[in-house]
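Enquirer: The sequence shown begins at 4 in our numbering and counts up one residue at a time. Quick reminder that beta carbons are idealized off the backbone N, C-alpha and C, glycines included. Remember, it's a predicted structure, so these values are computed and weren't measured experimentally. The structure under discussion is supplied below as structure tokens; questions concerning it will follow.
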Amino acid sequence: WWGLDSGIIDICDDLARNGFVALAPDLYHGELAGHTEMDKAGELMTSLPMDRAAQDMSGAVDYLVANESTSSSTLAAMGFCMGGMLTFVLAALRPDAISAAVPFYGFPSGDDQPDYSNITAKIRGHMAEVDGFFPPEGAADLEQRLQAAGVDATLTVHPGTGHAFMASHNALGTQDNDLAARLWPEVHAFIRDTVS
Numbered sequence: 004w005w006g007l008d009s010g011i012i013d014i015c016d017d018l019a020r021n022g023f024v025a026l027a028p029d030l031y032h033g034e035l036a037g038h039t040e041m042d043k044a045g046e047l048m049t050s051l052p053m054d055r056a057a058q059d060m061s062g063a064v065d066y067l068v069a070n071e072s073t074s075s076s077t078l079a080a081m082g083f084c085m086g087g088m089l090t091f092v093l094a095a096l097r098p099d100a101i102s103a104a105v106p107f108y109g110f111p112s113g114d115d116q117p118d119y120s121n122i123t124a125k126i127r128g129h130m131a132e133v134d135g136f137f138p139p140e141g142a143a144d145l146e147q148r149l150q151a152a153g154v155d156a157t158l159t160v161h162p163g164t165g166h167a168f169m170a171s172h173n174a175l176g177t178q179d180n181d182l183a184a185r186l187w188p189e190v191h192a193f194i195r196d197t198v199s
């Protein structure tokens, strides 16, 4: 949504401190919206060519698989908001490499859906209860569709939360530090247990 900002860089740094090799592709190719520039962020997101985003994400996967610092044969994908939605897209695009997916408050909606039957990754999503962008009813519907397609998927809607509850730079005022402190160890354990 905002672009490759300091909040995403902080998450990558934290993942690295916890023993993971982390990479966040710059899908806007250098463009960035400030946290008060909602219109600009929306424009960046809606003008992002999905084929280019898919190519960039797939290239990031190839880079990590080939990187000598990567000790596993498969990877995890994680994203927030728009990145959460793209986590599903990448899991469907690269079932050869993505074995764990952790989307936060974001999922595909409307007519432009990935082929969920391609997904072989285990999915553990974390959604907001009060979210006008990605409503909990949509998350529940998607969870049912994923499970019907044979995907090991759980999309947890966290009570009392608003969109962007994990974001340290939260323009919406919905950050939940206590929940984030509880979820990060769960996420780390899930990735360690799932990625081979």
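In terms of alpha-carbon separation, which member of F91, A104, T123 lies closest to S112?
Expert: Start at 1 with the first residue of the sequence shown, and residue 112 comes out as number 109. Answer by Cα proximity: F91.
Enquirer: When you compare the CB positions of C84 and Y108, do they come within less than 9 Å of one another, or not?
Expert: Residue numbering aside, residue 84 sits at position 81 when the sequence shown is read from its first letter. Residue numbering aside, residue 108 sits at position 105 when the sequence shown is read from its first letter. It is a contact, given that the beta carbons lie within the stated cut-off.
Enquirer: Under the assumption that I2 contacts A103 (Cβ atoms under 8 Å), give the Cβ distance between them as a whole number of angstroms.
Expert: This structure cannot settle anything about residue 2, because the visible part of the chain is limited to 4 through 199.
Enquirer: Determine the direct distance from the alpha carbon of H38 to that of H32, and round the result to whole angstroms.
Expert: The residue labelled residue 32 in the question sits at position 29 within the sequence shown. The residue labelled residue 38 in the question sits at position 35 within the sequence shown. Cα to Cα, H32 sits roughly 18 Å from H38.
Enquirer: Looking at the unbroken alpha helix (DSSP H) that takes in P188, where does it start and where does it end?
Expert: Position 185 of the sequence shown, counted from the start, is the residue given in the question as residue 188. It spans 180-197 - the alpha helix (DSSP H) in which P188 sits, taken as one unbroken run.
Enquirer: Nearest-angstrom Cα distance between V190 and V105?
Expert: Within the sequence shown, numbered from 1, the residue matching residue 190 stands at position 187. Within the sequence shown, numbered from 1, the residue matching residue 105 stands at position 102. Taking the straight line from one Cα to the other gives about 8 Å.
Enquirer: Report the start-end ranges of each beta strand (DSSP E) in the region 55-107 that is 3 residues or longer and not cut off at the edges.
Expert: Those beta strand (DSSP E) runs which fall completely within the region 55-107 and span 3+ residues are 78-83, 101-107.
Enquirer: Quick check on DSSP: helix, strand or coil for G10?
Expert: Counting from 1 along the sequence shown, the entry for residue 10 is found at position 7. Reduced to three states, the DSSP call for G10 is helix.
Enquirer: Quick check: T157 and I126, are their CB atoms within less than 9 Å of each other?
Expert: Taking the sequence shown and counting its residues from 1, one reaches residue 157 at position 154. Taking the sequence shown and counting its residues from 1, one reaches residue 126 at position 123. For T157 and I126, yes; Cβs fall inside 9 Å.
Enquirer: Does DSSP put A27 in a helix, a strand or coil?
Expert: For the purposes of this step, residue 27 is taken as residue 24 along the sequence shown, with counting starting at 1. Residue state, collapsed to three classes: coil.
Enquirer: My assumption, with CB atoms under 8 Å, is that D59 sits in contact with P28. Please give the rounded CB distance.
Expert: On the sequence shown, residue 59 is found 56 positions in, with the first residue counted as 1. On the sequence shown, residue 28 is found 25 positions in, with the first residue counted as 1. Indeed they touch by this definition, with Cβ atoms about 5 Å apart.
Enquirer: In the DSSP assignment, the beta strand (DSSP E) including P162 goes from what residue to what residue?
Expert: Residue 162 sits at position 159 when you count from the first residue of the sequence shown. Where P162 is concerned, the enclosing beta strand (DSSP E) stretches over 156-165.
Enquirer: How about the region 167-179 and the region 141-150: do they share at least three Cβ pairs that are nearer than 8 Å?
Expert: Segments in contact, no.
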